[in-house]
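Below is one structure, written out as structure tokens; the observations come after it.
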Amino acid sequence: MEDGAMPYSCLRKGRVSVAGQVYLITTVTHRRHPVLADLRVARRVVREMRTLHDRGDVESLAWVLMPDHLHWLFGLGDGHCLADAVGRFKGRSGYMINQLLGRRGPVWQESFHDHALRRDEDLASVARYVVANPLRAGMVKRLGDYAHWDAVWL
């Protein structure tokens, strides 16, 4: 096993989980319901992302919350498994969202997409691509007009 890699038992086939590795993950809401468009919901999701960052599970670098999905660029914390970190985020944020909205059932789709960045990929360029999602989707004309994004380079 690669130095710093987690046991394969915590991963789906084909995934590698390496402490310190930077990942870009995308996770989608259940049935693409635009639940993240609700400001109260978005703030809960951001709070849970910040909690995982503060606990050292991830080092959050950039993110954007779209109405029905999240793009999140982060470094995986030491001793943490990618699937476990994302699962913890989705479980805790889903629970909080359901509590807030007085409902039950899944908030997120079960799976997520991940991309481990290569050493030669420019993190700031990837972060700019991530946070520019609302511009490319035609939701705003200026990024400053969209509330649900952040990047450490600002």
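Numbering (the working numbering), first residue to last: 946 to 1099.
The beta carbon of each residue, even a glycine, is placed where N, CA and C say it ideally should be.
Small disclaimer: the values here were computed from a predicted structure and weren't measured.
Cα-Cα, which of the options is closest to residue i?
i       : options                            : result
Thr890  : Lys1035, Leu984, Gly1024           : In the structure displayed, the chain extends from 946 to 1099; residue 890 sits before or after that span and is not available.
Arg919  : Arg1049, Met1041, Asp1023          : For the chain, the structure presents residues 946 to 1099; residue 919 sits outside this window and is missing.
His1025 : Leu1010, Ala964, Val1085           : Ala964
Val961  : Ala1061, Asp1090, Met1084          : Ala1061
Trp1008 : Asp1090, Val990, Arg1048, Arg1000  : Val990
Ser1038 : Asp1090, Leu1010, Arg1063, Gly1020 : Leu1010
Gln966  : Asp1023, His978, Arg1048, Arg1000  : Asp1023
Asp999  : Ala1028, Phe1019, Ala1072          : Phe1019
On the CB-based measure, 16 or more other CB atoms within 10 Å of its CB, does residue i come out buried or exposed?
i       : result
Leu981  : buried
Ala1082 : exposed
Met994  : buried
Pro1079 : buried
Gly949  : Low confidence applies here, because Gly949 scores a pLDDT of 47, under 50, leaving its location unreliable and the question unanswered by this model.
Ala1092 : exposed
Ser1056 : exposed
Val1085 : exposed
Among residues of its own chain, excluding the 5 on either side of residue i, which ones have a beta-carbon nearer than 8 Å to its beta-carbon?
i       : result
Leu997  : Val1003, Ser1005, Ala1030, Arg1033, Phe1034
Gly1050 : His975, Asn1043
Quick one: residues in its chain with C-beta nearer than 7 Å to the C-beta of residue i, no 5 flanking neighbours on either side, listed in chain order?
i       : result
Ala1077 : Leu1088
Assign residue i to one of three DSSP states: helix, strand, or coil.
i       : result
Ser1005 : strand
Gly1020 : strand
Ala987  : helix
His998  : helix
Tyr1091 : coil
His1060 : strand
Val973  : strand
Val961  : coil
Ala982  : helix
Val1075 : helix
Met1011 : strand
Val967  : strand
Short of 6 Å in beta carbon distance, which residues of its chain neighbour residue i, apart from the five on each side in sequence? Order them along the chain.
i       : result
Asp1059 : Tyr968, Ile970
Leu1015 : Thr972
Gly1001 : Gly1022
Any chance the stretch 1065-1076 sits against the stretch 1084-1099, with 3 or more Cβ pairs inside 8 Å?
-> yes
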